[in-house]
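Just so we're aligned, residue 124 is where the sequence shown starts under the numbering used here, counting upward by one. Every residue gets a Cβ at the ideal spot worked out from N, C-alpha and C, and that includes glycine.
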Amino acid sequence: MSTTTIQIKKDIRDELKKVGNMDDDYNSVIEKLIREHNRNKLVEYSRKVVEERKEDFVSLDEL
124 MSTTTIQIKK DIRDELKKVG NMDDDYNSVI EKLIREHNRN KLVEYSRKVV
174 EERKEDFVSL DEL
């Protein structure tokens, strides 16, 4: 896989270091951030669906 260089500000680089572990490179840290972002989008979407379609769901107490 080819690699690329991205420019970031030093303060952002320092924040990225806080996200990763000792063995992580920046690629691993960015992958973690992307996974977390996607997870958050899924949760947000799920909440929206439940809110919009709550009449389609049945309470466990009713079963």
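{"Query": "Through-space distance from residue 127 to residue 155, alpha-carbon basis", "Result": "18 Å"}
{"Query": "Candidates 149, 141 and 143, of which the one nearest residue 130 by Cα", "Result": "149"}
{"Query": "Cα-Cα separation between residue 125 and residue 151, rounded to whole angstroms", "Result": "15 Å"}
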